[in-house]
Amino acid sequence: MIKLLKLQKAILVLILGVLSFIAYRILSAYEVSWARYLQVLAGVLVMVGALWMLYPILFAKNDGDGKAEIITDPTIPVPVDEEDEKPAKE
1 MIKLLKLQKA ILVLILGVLS FIAYRILSAY EVSWARYLQV LAGVLVMVGA LWMLYPILFA
61 KNDGDGKAEI ITDPTIPVPV DEEDEKPAKE
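Here is the structure:
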């Protein structure tokens, strides 16, 4: 699903935010004066990553039936439920 919605970069930014926070905690234990800048960086990266994860939801197109259609990469096949493919029994 992450690849389908093109969220790899958002996940990478979140991971960098977590690593930056871990580095902040290590450096603050040794009382390094500039460690607080890593904390600020971690916060910014986590916020950007979280907003980036919301991007497909916020900018989904409405298809007239009231359902939202999320724009995905056309080269990746979309998994389809077999139950949706069967014709309705009358």
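Under full-length UniProt numbering, read the sequence shown as residues 1 to 90, first letter to last. Note that beta-carbon positions come from the ideal geometry of N, C-alpha and C, so glycine has one too.
Exercise. Distance, Cα to Cα, Leu-54 vs Ile-15?
Worked result: 16 Å
Exercise. With DSSP run on the structure shown, which of helix, strand or coil describes Lys-9?
Worked result: helix
For this session: Rank Val-40, Ile-57, Phe-59 by C-alpha distance to the C-alpha of Val-18 and give the top, closest one.
Result: Val-40
For this session: Take the Cβ of Leu-45 as the centre, count every other Cβ of all protein chains shown within 10 Å, and call the residue buried at 16 or more, exposed below.
Result: buried
Problem set entry | 7 Å CB neighbourhood of Gly-49 in its chain, flanking five on each side removed | If the five residues before and after Gly-49 are omitted, its C-beta is found closer than 7 Å to the C-beta atoms of Ala-10, Val-13, Leu-14, Gly-17, all from its own chain and listed in chain order.
Problem set entry | Residue range of the unbroken alpha helix (DSSP H) whose run includes Trp-52 | That run of the alpha helix (DSSP H) goes 35-58.
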